[in-house]
Every structure is written in structure tokens, then in C-alpha cells.
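Enquirer: Got a structure for you, written out below as C-alpha cells; questions coming shortly.
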Amino acid sequence: MTSKRRSPAAPAATPEQLLQQAQARLTGAPDAALLLARDAAALADAAGELHALARAQLLIGLGLHAEGQLPKAQASLTRAQALAAHLDDPALEAWAASALGVVLGEAGDVTGAAERLEAAAGLARGTGQADVRARVLTAQGQLHLLLQEAPAALAAFDEALELLAAPEGRGERPDDVPGDRLSAALHRAGTLRVLNRQGEALREFVRLLEQARRLTLPRLVAAVQAGLAQLHMELGHLNEAERFSDAVLRGARPPLDARVGALITQARTLSARGMADRAVPLLIRAQAQAAERPAPDRAAEALKALSAAYEQLQRWPEALAAARAHQAAAAAAQSRVLEQRAQVQAWRAGREHEAQRTQLERDRLEALDAAQAELRQVRDQLEFGLTHDPLTGVLNRVTLELEVNRRLLDDPATAFEMLIVRIEQLRPVVDVLGLDVGDAALVSLARRLEARVHAEDADGLVGRYAEHDFAVFRRAPSGERAVRAAAGALLEDLGRPVRAEGQALNLRASLGIAQYPQHGVTFAELGQRAALALQDAGERSAHLGVYSARMGRLARERLTIHHSLHEALDRDELHLYYQPIFELEGLTPVAVEALARWTHPKLGEVSPARFVPVAEASDLIFDLGAWVMRRVHKDLRRFQGAAPGLQASVNVSPRQFGFQGYPAQVQAWLAGSGLRPEDVILEVTEGAMAEDVALERYGALRETGVRLAIDDVGQAYSSLTRLYQVQADVLKLDQRLIERLVAGPGQRDSRRLVAALIEFGLGSGMRIVAEGVESEAQLAALREMGCTHAQGYLLSRPLPNASVTKLLKGRAGAGGAFPSAMRL
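Residue numbers for the sequence shown follow this note's numbering, so the first one is 44 and each next one is one higher.
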């Protein structure tokens, strides 16, 4: 490795050789590039090679800028631009002018920056060279960032990268000198973060990091790592933020901005972990280093974090002082940006004559387009009949497939989605009102669908996929939440009443979604998987489904389960396990919760999480529920022989609970069982309690004499008023609350909520059962809060019949009925 105090070039190197070496090192090692460029300038000046001297001055200016020496950089770039103009080299002049514009902007002369960049843009257009135009666009994007015009900056960086990706943009640059491309991509990633498009920014930073490492560009690696650290911090990924910021600080001479940013991020991770005392020195150091460039935005950021750290340490005077300093710095920065924007706007106002000339050219082109449009209209009319559905006017399936596959080939980097939209209840309309009404409704909905899609994505496609199905192909929103929100809005729009042949129709739509590239890379694959997602939504009684890799297998499995469950009830493949519920004072089992299990001859052990939803989606849930009640009545009588007064708890599905005749069924089961009603506890989830019929159904069940329990309390966060109105006998606290009771994120909130629920339940005369108790610490905390009962693996796993009887026979105090104070 060469020393930084000495040029790494051989003594006999020519200026051109030195310049090539300097340009190759500019992105990754600007200090080395600066030394090489200075040697090249000395040789070129001595030999009278003006073109080489101009290039050397340009590279010297770029190196000085990278090192933060703005005044010297400005001087070198000014000389380079003047020499390039003298030599009539517009490409070199545009490069120098755009670089000078960036330096002037960072130095605060935004009007001068705008003037230089305007001149550079004109020169670049004249050259016709994509890489020259891309450099100017990247510089313009940097000025937009300085003025806090992030959308405009992103557009500039996108256009620059598009130019550099084209063959003419790659022509002059070997693959090992990717400076312009990497610079534009780095600024783009930072702009995406500013725009809160974190997912895209994260992917961009990760891709840049891989490239920078592969090309051995340590300073670029540090800049990308600093960006990743800050992005992960914003996303709450503390470990990743700490890892990347630590990598920057351990690196050799990272850029000043990267170093300051890494210090701030590392300090914020420490504060987030409750180690603000360690964060404070880092933030003081970051603030001091930010003043070197100067970097007022970084200094303000450090002050903000420093105030928060002092506040965490309860060092109120220092916190107040830092907060005031941050407020002053932020206000000064905002004032500076507003003033700079005003300066640039004033300068742009003076360039209106340029806009007028542009308008004249646009008018000429529009006149030409109008003449061509008349010719295209005739051609389009001929093509329309071949490419569109004759009824609805949307694309036919053949054309849609060709267009989708073409776009996927032309734009493989864009995230797309395909929706299969099914118009429900159209067949009864045709049967009752006739085909003309059904066709008119379909046409109206097709137009509504097209309008909605094109309003959100002008390039989106809508086509006829099947008799009552449409396909939509469009750019995918960013993130699953946005995907579902956009689909939900579309369904809501289609659900509005539609008029057809004078008839007002209320039709519903359902849709399935598949995304490119993760779910498929062709029209056929995306269509098949979107249709499968639509089918899955229907099976869940939902109107929206998003494809997952497991969906095909699960659909086949659900079909197998559905057919097999009928026979399983008759072939005795189902059986019950029971998990004991203990009173906490003496840890005596006073009740058991019935849990259905299924051993299938081919599928093996089928989890309730797999077969209960299938039953719930059909009338099988009523057969399954009846079978459970019959078995519980039989088993409980046997258990009570070992433990008189033992109670059994049975889970009631939302569909069973919503069935109006369910209380009468319970009454009939009790009459045929010989059990006392108070020995049976019916568990209904907290979510089902929110339904409008909940109070009425609870009242009817209470008249049967059974005990009523609200299950999974704390999951749906019902109001205490609602819980009181139901007047249940037992509150069963959701196991996720118990998991966070003594450790982990959310411990304090969970503990407060559990304590409040226990206090409320006891004050309302209810028993409290804590579910999922798995540690002595949880058990101790529950006892301390006054919880009356608990169940969980710490106390007992779910047991088969024989094991339950054995447990009950060995319980303390066996031989007599449980005191009422111990029962649920």
C-alpha cells in the first residue's frame, strides 16, 4: 500500500496515466486521487498540455471537495471550467460547472450554484452524452437536497441513474470506475430515507454496500454503512443500527459526515437501551466534529439527541440547555433554507424567457402530435376490436397476457401486482332480471374499475379474465399495509350501488392478489396465484386475499381436512385432552379445560389450529361442538369420582355463540348429562363479546345455569364497561400478557394492564385465570397481584383422560368436594 505523503505513481508516468489512476481512485480514496491529480497537474503544466491540466484541476477540485476543503475546491474547479471553455470542450466544462455548483451550494451561494448548474445542463444537452447529462442531474439533485426539495431531488437522481444504465451511458466508463453511478445511487438512497420510503431506501443501501465492498471502496462503504445505521435506527432495529455505526467508527478515515452520523446513531442506540450516560460523550464528540466542516444539520441532530440523553439521565439543566441550542440551530437551519429557496426562486423568475422559448417548442410539437393523432385514431379503431373485450371495452385476456409479459420483460426491477377481481352475486341478477341487466352491470363496474385503477396508476392495466372476473395489473404499493389498503379501497368503490337498465343493484366484489417478482414472473403464474388467493379469501369468508407460498398446499390440505372431518367424528379419530386449572393459594386443580385433538390416519396429528378454522368456515363446527360437549359430560362425571366438585371448561366458537339456538342446545345437553349446570364453564373469546348480539346471547346462556368465562382478555382490548356489562363469572387473561409480565419489551405496560384487569375482575365478583403461566417468576407476580387461578405448562401440560384422573387422585385434600371459594 502506498503512503499518503507520496504519489503512488512511477516517476516515468505521463499526465494521462496519472489522471486515469486519479479518476479510478476518486470514489474510494479521494485523498490518494488528490495526490495523483496534483502530480498530473505539475507534469501537464510543465509540458504545456492544457487539456490534461484542465482535467487535473477538475480532479483536484473534486478531491478537495471530498476532503471538505470547500474554498480550495472552488478555486480549482473555477480554473478547470475556464480552461475547458478555452479548449472548447463542452463535456469537460459541463462536468467542472456541475461540480462547482455543488461546492457553491454547500458553501451557501445557492444562486451561484443554480447559475452554474443551469449552464452545465445546457452544455450537457449539447454534447448528447448520457454520462455528462447524468453528472449534471446528480449535481442538480444535490442542490435540491440542500433546499429540502426531496421529491425533485429523487426525480433528478432517478433520471441520472436511468441515463447511466443505458448503453450510451456506460460507453466511456469501465466497470471498475463506477463513480458517477455509485454517487447518484448513494444520494438516491438517502433521499428515499428523507421521504420516509424506508423499505426502498434499505434495499438501495444494501445493494450499494455490496457493490462498494466488491469494488474495495472503503470511504463509500463507510458512507453507505452510516446511511444504513441511521435508517435502521429510524426503523427501530437497534442491533443493526449499532452494528453499522460501529463499523463506520472502526474504519480507516471515514468521511466526516459518515463519522458524525455514525456517532449520533451509536449514541441513540445506547440511549434507547437505557445507557444514556455512555451516549452523552459520543454526542458531544459528534457535535464538535460537525463544527469542523461546518455541518449545521448534523450539529442540530446531535444537540437533539444530546437533550434526550440528558433528559433520560434526569440532568435537567443540561437537557434544557441542549434543547435550547437544538431549537436555535434548527430554527437557523430552517431560516437559511427558506432564504436560499427565495434566492433561487428569484433567480428562476429572471429566466422566464427560457420557459417561453420552451413553450413555443412545445406548441410546435403539440401541433405535430395533433396531426399524427388523427392518423392514429383510424389505426386504433381497427386494433381495438382485436385487443379488447367486446362487451366491457377492457383488454381481452390474450392482449392482457401479451402486455403484462412485455412489461415484465421491459421493466424487471419494478414491483408489480396482479389482482383477480370477482363480481359476486351477478348470476342471480341474470337469472331474475335477464342477461341485458347483467351485462349492463358488468360494463358499468368495468368502467368504474378502470377509472379507479388509472387514477392510482396511469399505466395500470385492466382486462377481462373470466366470465365475472377482471384482472388488474399495476405497480405495487410499498409494503403489505399499503397493498391491503389500496385493495380495500378498490373493493369499497366496487361495492357502491350500480344502476343497470334502470335497476339499482347492490353487488359485492372479492379479489386475490399476487405480487411480482416474489409470487411469479409471468402473466400465467401471477394470474394462477392471484386466483388461488381469491379462492382462499372465499374459504375464509373474506373478500381480500394475498397469495403466500404455502397457500396451494394449505388449500389442498384444507380440502382433505374438510372431507375427513366428517368421517373423523364417526371413526373416533378425535379425542380430548384436558389442561388443569389451579387455584393459586394451594395450587389445587379445581377445573379442567377441554382441548380437542385429532389423529388422522394419513395426516398424523392434526393441530386444532388447522382443523378448527376449517370447521368454523362450515357447518362442521356445530357437529364438532356437539361431539365435544358429549365427551366432556361423559369424562367430567368420571373425573368427579376422583375430585367431587371439579369443573370442566369448554371453548365456544364465534359461530356457535352467534347461533340463536345455541342456548337451547346447551340446555338440552345439560338435561341429558346429569351434571349440575354450575360444573360446566363455557369460554367465549373477548373478540366475540364485541358483537351486537353478545349481551343478549350471554343473558340467554346465563339462564341455563352454566358458568360463563371471557377468554383471551387483553387481546382485543375491550372496554371495562363492556366487560362489566357482560357480567361473566370468569376472566381468562390472554397468555401474551402473561409472557410479558416479568421480562421483555412491553413489560411495564403488560404488568399495569394485568393488575388493572385483576383489580377490576375481583371488584366485579369474578374469578381470574391467568393463561400460559410458564415460570415461577410469573406465578409469583400473579399471586402478588391477587390473581385467583392459573393454568400453563409450569403447572401442567394438557393431559389425556387417564393422566387427569391420576393427577386428581393425588391432589392435596382429595376426598371431599372443593370449597366454593376455590371453584371458578
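Where is the CB? At the ideal position from N, CA and C, for every residue including glycine.
The structure presented is a predicted model; accordingly, all values stated were derived computationally and were not measured.
1) Taking the beta carbon of Arg-470 as the centre, do at least 16 other beta carbons fall within 10 Å, making it buried, or is it exposed?
2) Where do the N-terminal and C-terminal ends of the alpha helix (DSSP H) with Arg-250 fall, by residue?
3) Residues in its own chain within less than 6 angstroms of Phe-516 by CB, not counting five upstream and five downstream?
4) Quick test of the definition: if touching needs 3 or more C-beta pairs under 8 angstroms, does the segment 309-325 touch the segment 350-358?
5) For a quick check, are the C-beta atoms of Ala-209 and Ala-167 less than 7 angstroms apart?
6) Taking 7 angstroms as the cut-off, decide whether the C-beta atoms of Ser-818 and Pro-623 are in contact.
7) Per DSSP, which one or two residues make a beta bridge with Tyr-621?
8) Excluding sequence positions up to five away, which residues of its chain have a Cβ less than 6 angstroms from the Cβ of Gln-191?
9) Just grab the DSSP bridge partners of Asp-512 for me.
10) Determine which residues share a DSSP beta bridge with His-431 and list them.
11) Compare the Cα-Cα distances from Glu-467 to each of Ala-489, Ala-416, Arg-551 and report the closest residue.
12) Considering only their Cβ atoms, is the gap separating Leu-837 from Val-816 smaller than 7 angstroms?
13) Please list the terminal residues of the continuous beta strand (DSSP E) segment that includes Glu-726.
14) Label Ser-692 either buried or exposed according to how many other C-beta atoms from any shown protein chain fall within 10 Å of its C-beta, with 16 as the threshold for buried.
15) For Ser-818, report the span of its alpha helix (DSSP H) as first-last.
16) Between the alpha carbons of Gly-868 and Ala-573, how many angstroms are there, rounded?
17) Hey, could you find the ends of the alpha helix (DSSP H) Lys-677 is sitting in?
18) Based on Cα-Cα distance, which residue from Ile-103, Gly-588, His-497 lies nearest to Arg-524?
19) In the structure shown, what three-state DSSP assignment does Thr-747 receive?
20) Nearest to Gln-571 by alpha carbon, out of Ala-529, Asp-512, Ser-607, Val-541?
21) Count the other CB atoms, across all protein chains shown, that sit within 10 Å of the CB of Ser-584; report buried if there are 16 or more and exposed otherwise.
22) Rounded to the nearest angstrom, what separates Val-812 and Leu-867 at their Cα positions?
23) Just to confirm my understanding: we take Ala-199, look at its own chain, exclude 5 residues before and 5 after, and list those with CB closer than 8 angstroms. What are they?
24) In whole angstroms, give me the CA-to-CA distance for Met-276 and Ser-288.
25) Taking Cβ positions, are Ala-514 and Ile-463 nearer each other than 7 angstroms?
26) How should Asp-722 be labelled, buried or exposed, when 16 other C-beta atoms within 10 angstroms of its C-beta is the threshold for buried?
27) Do Leu-102 and Leu-120 have their beta-carbon atoms positioned less than 7 angstroms apart in this structure?
28) Assuming contact is defined by CB atoms lying nearer than 7 angstroms, are Asp-777 and Gly-757 in contact in what I supplied?
29) Hey, would you say Val-541 sits closer than 7 angstroms to Leu-548, going by beta carbons?
30) Tell me whether the beta-carbon of Gly-106 lies closer than 7 angstroms to the beta-carbon of Pro-58.
31) What did DSSP end up calling Gly-155 once you bin it into helix, strand or coil?
32) If we count the other Cβ atoms within 10 Å of its Cβ and call it buried at 16 or more, is Ser-696 buried or exposed?
33) By Cβ distance, which residues of its chain are closer than 6 angstroms to Trp-712, with the 5 residues on each side in sequence left out?
34) Per DSSP, what are the beta-bridge partners of Thr-642 in this structure?
35) Going by DSSP, name the residue or residues bridged to Phe-287.
36) Are there 16 or more other CB atoms within 10 angstroms of the CB of Gln-124, so buried, or fewer, so exposed?
Expert: According to the data block:
1) exposed
2) 241-257
3) Taken in chain order, the residues that qualify are Val-447, Met-461, Leu-504.
4) yes
5) no
6) no
7) Ala-637, Leu-842
8) So the qualifying residues of the chain are Val-380.
9) Arg-465
10) Leu-438
11) Residue Arg-551 is the option with its Cα nearest to Glu-467.
12) yes
13) 723-728
14) buried
15) Neither: Ser-818 is in no alpha helix (DSSP H) and is coded neither H nor E.
16) This structure cannot speak to residue 868, because the chain is shown only from 44 to 867.
17) 663-685
18) Gly-588
19) coil
20) Asp-512
21) exposed
22) 9 angstroms
23) For Ala-199, same chain residues with a beta-carbon under 8 angstroms away, outside a window of 5 residues either side, are Leu-180, Thr-181, Gln-183, Gly-184, His-187 in chain order.
24) Whole-angstrom Cα-Cα distance: 10 angstroms.
25) yes
26) buried
27) Taking 7 angstroms as the Cβ cut-off, Leu-120 and Leu-102 do not qualify as a contacting pair.
28) yes
29) yes
30) No.
31) helix
32) For Ser-696, the number of other beta carbons within 10 angstroms of its own is at least 16, and it is reported as buried.
33) Around Trp-712: Met-672.
34) When DSSP reads this structure, Thr-642 sits in a beta bridge with Glu-648.
35) DSSP, once it has assigned bridges, lists no residue as partnering Phe-287.
36) buried
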